[in-house]
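Q: In full-length UniProt numbering, the protein residues as written are 1 to 151.
No residue lacks a Cβ here, since even glycine has one placed at the ideal position from N, Cα and C.
(1) Have a look at residue 159 and residue 111 and give me their C-alpha separation to the nearest angstrom.
(2) If you check the beta carbons only, do residue 38 and residue 78 fall under 8 Å apart?
(3) Could you tell me which uninterrupted alpha helix (DSSP H) segments, each at least 4 residues in length, are contained entirely in the region 27 to 115, listed from first to last along the chain?
(4) Mind checking which residues open and close the alpha helix (DSSP H) that includes residue 16?
(5) Tell me the residue span of the alpha helix (DSSP H) that contains residue 12.
(6) Is residue 119 helix, strand or coil by DSSP?
(7) With a Cβ-Cβ cutoff of 8 Å, do residue 105 and residue 43 count as a contact?
(8) Excluding the 5 residues preceding and the 5 following residue 29 in the sequence, name in chain order all residues of the same chain whose CB lies nearer than 7 Å to its CB.
(9) Which first and last residues belong to the alpha helix (DSSP H) in which residue 146 is found?
(10) Output needed for residue 93: all residues of its chain with C-beta closer than 8 Å, excluding positions within five of it in sequence on either side, in chain order.
(11) With DSSP run on the structure shown, which of helix, strand or coil describes residue 125?
Now the structure itself:
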């Protein structure tokens, strides 16, 4: 879980870097285009995958899934640009940067972190019900006896 929070922080803050360079090099630009942010995120995430491959998951499938999610995370600024920046709207540079960063955070929390939290909460509640005796779970022997009695 700490690893996912770390990726959340990195992906949430990385859009600031290319946006800051654009703001300083082209102050006349009205809208920050998403491609510099996408390429920066993609580079950081690929570097992150290469460096921390062993920490992405316990199995190869988990690592591949997490690596794919990191690559998909890099393209969130395209959706942000297409959905939140209509042609008529003029946002200030800090507001644009805030929108790009917040959409990264919203995406990662809703797709990667929240399902983990919900699953852990459900698991903990199920364990509490089972251990407290509020809910009876059939043992393997009981299930086998039921199937034998039906046959």
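A: On the basis of the data shown:
(1) Absent from the structure is residue 159, since the part of the chain shown begins at 1 and ends at 151.
(2) On the chain shown, position 38 is the one that residue 38 refers to. On the chain shown, position 78 is the one that residue 78 refers to. Yes, Cβ-Cβ distance for residue 38 and residue 78 is below 8 Å.
(3) 35 to 51, 60 to 73, 76 to 84, 93 to 108
(4) Start at 1 with the first residue of the chain shown, and residue 16 comes out as number 16. Run containing residue 16: 16 to 25, per the alpha helix (DSSP H) assignment.
(5) Indexing the chain shown from 1 puts residue 12 at position 12. Residues 2 to 13.
(6) Taking the chain shown and counting its residues from 1, the one referred to as residue 119 is at position 119. DSSP places residue 119 in helix when its eight states are reduced to three.
(7) By one-based count along the chain shown, residue 105 stands at place 105. By one-based count along the chain shown, residue 43 stands at place 43. No, they are not a contact pair.
(8) Counting from 1 along the chain shown, the entry for residue 29 is found at position 29. Only 22 meet the Cβ criterion.
(9) Taking the chain shown and counting its residues from 1, one reaches residue 146 at position 146. Element bounds for residue 146: 140 to 150.
(10) Walking along the chain shown from the start, residue 93 turns up at place 93. The answer, listed in chain order, is 19, 23, 32.
(11) Against the chain shown, residue 125 aligns to sequence position 125. DSSP places residue 125 in helix when its eight states are reduced to three.
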